[in-house]
Amino acid sequence: MREAVQGDTVLDAARRVGIEIPALCAHDELEPYGACRLCIVEVREKGRKHWRVVASCLYPVAEGLEVRTDTERIVRYRKLLLELMLARSSKNSYVRELARRYGVKGARFAHGDDDCILCGLCVRVCRDVVGANAIDFASRGISRRVEVPFGIDASRCIACGACAYICPTDAIHMEYERVMDLRREEGEHPCRYTLMGFLSDAVCSLNYECYRCEIDQKMQAESDTHPVFLMRKKSGKRKIPRGKASS
Amino acid sequence: MKQMKEKLLGRKETASGSKAVKDILERHSRNPARVIGMLQDIQARFSYLPEGELQFVSEELGVPLTRIYAIATFYKAFNLLPRGRHQIRLCGGTACHVRGAELVKGAITRELGVEEGGTTEDARFSFEVVRCIGCCGQAPAMMVNEDIHVKLKSVTVRKALEKYK
């Protein structure tokens, strides 16, 4: 068995040794966030008597820490979380599949049909990796949603598509016609791969018609990830500060 | 939203970067950590948060507009639409609720044609339901601007609103 590394979270360590813990809002390239709560596990710290339920994506490993990932209690809690998610996104195939795997048949609560589960991955990738800050959460409580400011200002969006790529429930789709519109606005809006620093300006063989762009598919087929993450790798992966998790 | 704003204001929205907002930024030493305080001051000055001014604040401080918009929509105290000349705050606290605040709310909605959280088309009133204004003993109660009106009934609330022009 391989050892966990100092600074790992429980989720990191579990994944390293091949133990599956469900998680929707966690991503290797992003800081842990703790929104979906599906990754809850039971932990017992060294010298303690009781098992506590914590979000494994935020909980740092430590010497002598015991972890249980699949107890009756955890499964019960996860089922409730999935039921709530199912109530929100009753038509979403990803949510339904996950719920089915846990034997959650339906939700006792009102059924909505919002595909977004508010995990914040799109907001975080846009802010922390792309650096475009085009979308963020707006409002709160039941009206919380992902939005561009005032519902119209998309001028900061570089149309990189990272948000659509990272979305665990496929709630965001690229509209290539609108991408073209964005490019035409304000004079010559450069290619999104140029904006990401991935291509130099002169190389587009498709006359900048983004709807014909094949780079997406090629990139993903060859590297198994979205170009924005490749850019990051080239410049050296940023060390994720674990200060938040250990406090 | 833009048309709604112009209707309520009776004019076009002010251009961004007004002197007042520049002063507000200076008063907060242009510290991005004090955005909430700045937004409060901007709202005190304009009665709401004008889109252009938020854009200006964003550019001046280097705080993304998405962030400012998230803050402005998170807190109920901030308005993105202009407010009416008079603020009606109907108490929806437990005591007022039990004593018939819902009926009073219905009466206000019918009388002014404005839903909770809205502003009348003539920009005379803004109407919101708040939690407990501390007049439980004389419930149901409401505040219009700084005036307190208590022991309201559907009939008396109509009368009370008449004097605000």
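Going line by line, the protein sequences match chains A and B.
Here this note's numbering is used: the first residue of the first sequence is 1, the next is one more, and so on.
Here this note's numbering is used: the first residue of the second sequence is 1, the next is one more, and so on.
Backbone N, C-alpha and C fix where the C-beta goes; we use that ideal spot for every residue, glycine too.
Item: For Ile42 of chain B, three-class secondary structure by DSSP; Value: helix
Item: Between the CA atoms of Gln40 of chain B and Phe229 of chain A - distance to the nearest angstrom; Value: 38 Å
Item: Under 9 Å from the C-beta of Phe74 of chain B: neighbouring residues of chain A; Value: Phe137, Ala138, Ser139, Arg140 and Arg144
Item: Interface residues of chain B facing Ala134 of chain A [CB-CB closer than 7 Å]; Value: Thr66
Item: 4-residue-minimum alpha helix (DSSP H) runs that sit fully inside the segment 78-106 of chain B, ordered along the chain; Value: 94-98
Item: Contacting positions in the segment 116-128 of chain B - beta carbon closer than 7 Å to chain A; Value: none
Item: Selected residue, minimal CA-CA separation from Val155 of chain B, among B:His86, B:Cys132, B:Ala123 and B:Leu103; Value: B:Leu103
Item: Minimum Cβ-Cβ distance from Lys244 of chain A to chain B less than 7 Å; Value: Reliability of the predicted coordinates at Lys244 of chain A is poor, the pLDDT of 37 falling under 50, and no value is obtained from them.
Item: 7 Å Cβ cutoff, Phe229 of chain A in contact with chain B; Value: no
Item: Ala87 of chain A - DSSP class collapsed to helix/strand/coil; Value: helix
Item: Neighbourhood of Phe109 of chain A by C-beta, 8 Å cutoff - its chain only, sequence neighbours within 5 removed; Value: Glu83, Leu84 and Ala87
Item: Neighbour flag for Tyr48 of chain B against chain A, beta carbons, 7 Å; Value: no
Item: Cβ of Ala70 of chain B within 7 Å of any chain A Cβ; Value: yes
Item: Three-state class that DSSP yields for Arg156 of chain A in the structure shown; Value: coil
Item: Tyr102 of chain A to Asp70 of chain A span [Cα, whole Å]; Value: 11 Å
Item: CB of Leu8 of chain B within 7 Å of CB of Pro149 of chain A, strictly; Value: no
Item: Simplified DSSP assignment, three categories, for Pro149 of chain A; Value: helix
Item: First through last residue of the beta strand (DSSP E) which encompasses Phe125 of chain B; Value: Phe125 to Val130
Item: Pairwise C-alpha distance: Met143 of chain B and Gly34 of chain A; Value: 41 Å
Item: Cβ neighbour criterion (16 or more within 10 Å) applied to His27 of chain A; Value: buried
Item: Cβ neighbour criterion (16 or more within 10 Å) applied to Gln43 of chain B; Value: buried
Item: Val129 of chain A versus Met196 of chain A: straight-line alpha-carbon distance, rounded; Value: 10 Å
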